[in-house]
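Sequential numbering of the sequence shown, starting at 3, is according to the numbering used here. By construction, the Cβ of each residue, glycine as well, lies at the ideal position given by its N, Cα and C atoms. Report on one structure; see the data block that follows.
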Amino acid sequence: MLGLFKRHKPVVMPLASQSGIFLTVCEKIKPMTEVEFETVEQSLELAFEWLYQDPSRSPYLCGGHFSLPQTGVQPFHARLSQYLSQSVLPVILTNTHETVLRSLPAVSLSNRELGIVSINRGFELKQTLEPCRGSAFHFALSRYPDCRLFCLGIDPSRVKSKTFEYAEDQGCDWMTLEECQFRHRFQVKNQLATYLSHCDDLILDVDLESVMTDSGLHGDEHLEVQMVLRMIRQCLMSGKVRLVHLTGKKEKQIFSKQTKLILDEISTMLPTTHCAA
């Protein structure tokens, strides 16, 4: 059945008036199986086409699809560096948070404080000898001394006590899932504003699995989408966001209402957008 899906590489157009670039990345990382990798890659390859059936009316330029490590990390890094140098905002839809480690060399600048705002029920701080699922920010903080992490939506029922201790030792800031509910929106706004004031540049990472679409359903287990949109808006309004990562490891997360809502929200905050007449 895998062979029945269309395989294609999106055409990368020259930069126009769009100030947002949409890229998809599929990375195979332990303990992912080959079948899991191929299945999610098929979804990611078709994501731009599904989201924007008429590319000429998309607020984003299509930056292409990258399969790691098959296509090599260097082409992805080169493309990302090119876009960043042209003052456009790359928005990456990927299957794993560890893709941020591929992006950091292009984003991290010497003598500048780099912040990562992670909207996620988990920390992604698994301590391992090499990158695997759940270890993204452990390696980000270990490899980049000027990097700092703020996690929004941590679910204590999903996180071990030793992980909280490690996060504190690493100087991480966080707010719990309960603290990120809509009734606490002003507290979230103030805490996020304080964090942003200490950063020069910012990476925004959103875990699509952690976001709910229907208010009131499983509110104790997922982040409310309206709160996620508020967080994203506040980060973008700071003018410090250099890169956005949206992470979904399953088809239902990639082709979801929340993914489209988040992308639409980001597009409204871009300096300019382009739509064909």
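query = Can the beta-carbon of V243 be found closer than 8 Å to that of L91?
reply = yes
request  = Compare the beta carbon distance of H247 and I94 with 8 Å and say whether it is the shorter of the two.
outcome  = yes
message = Please return the same chain residues whose Cβ sits closer than 6 Å to the Cβ of V27, not counting the five positions on each side in sequence.
response = F68, I94, T96, T101
query = Quick one: is A80 buried, meaning 16 or more other Cβ sit within 10 Å of its Cβ, or exposed?
reply = exposed
Same chain, Cβ closer than 6 Å to F152, five either side skipped, listed in chain order = V119, D175, Y197
ask   = Which whole runs of the beta strand (DSSP E) in the stretch 117 to 160 are 3 residues long or more, in chain order?
value = 149 to 156
Contact between the stretch 250 to 268 and the stretch 196 to 210 (3+ Cβ pairs under 8 Å) = yes
task = Give the straight-line distance between the Cα atoms of I268 and R59, rounded to the nearest whole angstrom.
result = 15 Å
task = Inspect the CB distances between the stretch 23 to 38 and the stretch 132 to 144 and report whether three or more fall short of 8 Å.
result = yes
key: Spatial neighbours of H220 in its chain, beta-carbon cut-off 8 Å, leaving aside the 5 residues before and after   = Residue placement at H220 is flagged as unreliable, the pLDDT there being 48, under the threshold of 50; the coordinate-derived value follows with that caveat. So the list reads M214, once near-sequence residues are dropped.
inquiry  = Taking the straight line between their C-alpha atoms, what separation do you get for T35 and V42?
reply    = 11 Å
key: First and last residue of the uninterrupted beta strand (DSSP E) at C28   = 22 to 29
ask   = Taking Cβ to Cβ, would you say L179 is nearer than 8 Å to D157?
value = yes
ask   = Which residues in the same chain have their Cβ closer than 6 Å to the Cβ of L4, if we skip the five residues on either side of it in sequence?
value = For L4, the predicted structure reports a pLDDT of 34, less than 50, and the residue's modelled location is therefore unreliable. A value from the coordinates is still provided. Closer than 6 Å at the Cβ level, and outside the excluded window around L4, lie E40.
task = Report buried or exposed for V230, applying the criterion of at least 16 other Cβ atoms within 10 angstroms of its Cβ.
result = buried
query = Over what stretch of residues does the beta strand (DSSP E) that includes P92 continue unbroken?
reply = 91 to 96
query = From R160, R235, G155, Q129, pick the residue whose C-alpha is nearest to that of R145; which is it?
reply = Q129
query = According to DSSP, is C64 helix, strand or coil?
reply = strand
task = Compare the beta carbon distance of G22 and P57 with 8 Å and say whether it is the shorter of the two.
result = no
message = Cutting at 7 Å between CB atoms, please list the residues of its own chain near G49, excluding the five before and the five after it.
response = Checking the sequence shown, residue 49 turns out to be Ala, not Gly. Hits under 7 Å: T26, L95, I256.
inquiry  = Taking 6 Å as the limit between beta carbons, can you name the residues of its chain near G117, skipping five residues before and five after?
reply    = R150, C201, L204
ask   = D266 lies in the beta strand (DSSP E); which residues open and close that run?
value = Premise fails: D266 lies in the alpha helix (DSSP H), 259 to 270, not in any beta strand (DSSP E).
request  = May I have the straight-line CA-CA distance separating M233 from Q72, to the nearest angstrom?
outcome  = 34 Å
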